[in-house]
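Presented below is the structure to which this report refers.
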Amino acid sequence: MMELSYQSMKIAHQAREADEQRTEMRKKSLLILIYHHLLGQGYVAAAVALDQETNGGVRRFEVSDNIDLEMVLMEYESYHYIKFQKYPKLIRRIAETGERRRSTAKRSPCSAGKPLPKINPSQNPHSRNGAKKAATSDNDGSLAPESSEFGLSISSIKNGPAGESATNRKGQMTDVKGTIQDVVRGAGINSDHMERLLKPLSGFSGMSGEMRELAAIISRDIYLHSPNVRWEDIIGLEDAKRLVKEAVVYPIKYPQLFTGILSPWKGLLLYGPPGTGKTLLAKAVATECKTTFFNISASSIVSKWRGDSEKLVRVLFELARYHAPSTIFLDELESVMGQRGSSMGGEHEGSRRMKTELLVQMDGLARSDDLVFVLAASNLPWELDHAMLRRLEKRILVSLPSSPARQAMISHWLPPLSCTGGVELRTALDYETLAKEMEGYSGSDIRLVCKEAAMRPVRKIFDALESHQDDDTEMPPIQLETVTTADFLDVTKHTKPSARNLMDRYTAWEREYKSV
Ligand code: ADP
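Going letter by letter, the sequence shown gives residues 11 to 526 in this note's numbering.
Take a look at the structure:
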């Protein structure tokens, strides 16, 4: 008996020790990351002070590529939550308002803070107003920017819906991690390769435990940190690209120009046949503009969070404001925003409440200066609820690819020479003829056909590979047959375009509902 309790005490002691060690490690990594960030940002004096305070403990280590400050902070938060059932609050007292101002002047969200190079604020009365408007919308007069050249950068320090935790009254507590995050983000705007890092959820104040949990779910499942789709990755769709840039990207890049009558759209609908690049366009917005991207598949909101979907929508918009500038991408909109009451047997009460919440949130956006855009996509726009349609003021048809776009797609996916798993794949294709033959095919149909055409010669060598395993002779070098125009056309016979017949319906709908 004694023996047993001694053993269990020993195990408990060891577990406690391991736990403490892990805590220590976490603290150390955090300090190291902060140290390197400070150095990277040119805050040498602060970095040296940190180094001295830790007796040179931080200088001896390098930060590995796959760890960043944000990850460590989030991990620490979850750990703390599991251990103490509450989130940690790392705070410091602000001694003087000027300090905060200096740090905000260094950073700006997305390209929002980029000064317009050619427009002098004094020649452009809107720019000063624009900046002021953004500052005062924070409900805190102390946040007036030092200069309008920073444009809407001020909106990035809004911390939470009420702007509570990072407001700047003298002596008020502020979220240190938020400050670090701001510094980190400042680096992000200068580097194309660096993702825009997210603020820790601890700054997401005013939330009940349940809401916090939903926020964590959204953060885990719904953020796409960097979708990594560039404009040039989208083939064709020149008109749609131009309209999307005009509606969403330029207002973020050049906020000075988008005030008054030109105030940016808050809701934009991309509609058209499936597989034409609507999702790609939304991802390009997020990548090129470095906004926080919330990728919501509407049907998953309904199915996964049936009971909670209304709350989920609320938290989603709050999070988007918290991480502004943000893009909320609602895919398959018709599956949540179908015409109300139209489904057989009436509507599910939860789904009706969620629709209402979505409308309320969209109205909230329209009235605010928050840099949050709703980008919705639908393959069946005629099924959409009219109240929702009204809020998606800008509507853009993303149609089937034109003949030159089809040609560009085929030559992109099947160039004359490519490499697949170290084996050369050659094609001899009459791209122009193929493009003509493929009228009515969507981008994703074309990709499928290209894939199938490339698969044919590969399929032929499988037999050789499989039979070779049975004998002991040396494997001959693998040579794939060239893919010819005839092969390609043969594939198209078996793969029919998915949306050709629907095209008339889209253009008819466009005539009726086209926004300007
Ligand atoms: P949807 O319009 O249904 O949102 P997606 O944007 O998801 O379609 O496109 C599906 C896939 O089809 C993409 O991942 C891409 O491989 C291909 N695709 C479709 N349109 C294009 C395009 N214009 N340029 C490049 N690829 C495209």
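Glycine included, C-beta positions come from ideal geometry on N, C-alpha and C.
Integer Cβ distance of residue i from residue j, believed to fall under 8 angstroms
{"i": "K387", "j": "A292", "result": "Contrary to the premise, residue 387 reads as Ala rather than Lys in this sequence. That belief holds up - the Cβ atoms of A387 and A292 are roughly 7 angstroms apart, short of 8 angstroms."}
{"i": "L402", "j": "L278", "result": "6 angstroms"}
{"i": "V408", "j": "L280", "result": "5 angstroms"}
{"i": "V68", "j": "L41", "result": "5 angstroms"}
{"i": "T302", "j": "D341", "result": "At roughly 17 angstroms, the Cβ-Cβ gap does not stay under 8 angstroms, so T302 and D341 are not in contact."}
{"i": "S307", "j": "G360", "result": "At roughly 18 angstroms, the Cβ-Cβ gap does not stay under 8 angstroms, so S307 and G360 are not in contact."}
{"i": "P467", "j": "E484", "result": "Rounded, the Cβ-Cβ distance is 22 angstroms, inconsistent with contact."}
{"i": "E223", "j": "V259", "result": "About 33 angstroms; that fails the 8 angstroms criterion."}
{"i": "G285", "j": "S508", "result": "7 angstroms"}
{"i": "Y45", "j": "D61", "result": "6 angstroms"}
Among the options, nearest to residue i - alpha-carbon criterion
{"i": "F498", "options": "L512, M448, R362, G432", "result": "M448"}
{"i": "A474", "options": "Q266, H46, P487", "result": "P487"}
{"i": "Q371", "options": "K404, E342, L329, R405", "result": "L329"}
{"i": "K300", "options": "L381, S39, C429", "result": "L381"}
{"i": "G246", "options": "A415, I228, A445, V254", "result": "A415"}
{"i": "W519", "options": "Y260, E393, L326", "result": "E393"}
{"i": "R377", "options": "A250, L439, S273, T517", "result": "S273"}
{"i": "F327", "options": "E359, E344, P283, G374", "result": "G374"}
{"i": "A438", "options": "G453, V493, R405, S454", "result": "V493"}
{"i": "Y516", "options": "T495, M465, L410", "result": "L410"}
{"i": "R70", "options": "S39, A56, P98, A55", "result": "S39"}
{"i": "K503", "options": "A463, K524, A418, R32", "result": "A463"}
{"i": "Y523", "options": "R36, D395, Q417", "result": "D395"}
{"i": "Q266", "options": "D379, E476, Q489, L49", "result": "D379"}
{"i": "Y332", "options": "F304, L343, E344", "result": "F304"}
{"i": "C429", "options": "K470, A418, Q489, E476", "result": "Q489"}
{"i": "K9", "options": "M364, Y264, R400", "result": "Because the chain here runs from 11 to 526, residue 9 falls outside it and cannot be looked at."}
{"i": "M465", "options": "S477, K446, G431", "result": "G431"}
{"i": "K37", "options": "I21, H90, A25, P237", "result": "H90"}
{"i": "T495", "options": "L343, S477, Q417", "result": "Q417"}
{"i": "T33", "options": "P237, G66, K93", "result": "K93"}
Pair within 7 angstroms by beta-carbon distance, residue i and residue j
{"i": "Y441", "j": "S412", "result": "no"}
{"i": "V501", "j": "V433", "result": "no"}
{"i": "L390", "j": "F339", "result": "no"}
{"i": "L427", "j": "R436", "result": "yes"}
{"i": "W241", "j": "A296", "result": "no"}
{"i": "P283", "j": "L512", "result": "yes"}
{"i": "I244", "j": "G287", "result": "yes"}
{"i": "I406", "j": "L253", "result": "yes"}
{"i": "V346", "j": "M221", "result": "no"}
{"i": "R510", "j": "G453", "result": "no"}
{"i": "A257", "j": "K404", "result": "yes"}
{"i": "F268", "j": "T337", "result": "no"}
{"i": "I271", "j": "P335", "result": "no"}
{"i": "A56", "j": "L48", "result": "yes"}
Any non-hydrogen atom of ligand 3 within 6 angstroms of residue i CB
{"i": "I338", "result": "Ligand 3 is not part of this structure, which contains only ligand 1."}
Self-check item: Every unbroken alpha helix (DSSP H) within the region 409 to 468, with a cutoff of 4 residues, ordered by chain
Solution: 413 to 423, 441 to 447
Quiz prompt | Start-end ranges of the beta strand (DSSP E) lying completely within the region 345 to 408, minimum 3 residues | solution = 382 to 388, 404 to 407
Practice problem: Write down every uninterrupted run of the alpha helix (DSSP H) in the region 273 to 302 whose length is 4 residues or greater and which is fully enclosed by it, in chain order. | Solution: 288 to 299
Self-check item: Start-end ranges of the beta strand (DSSP E) lying completely within the region 14 to 43, minimum 3 residues
Solution: Whole beta strand (DSSP E) segments, 3+ residues: zero.
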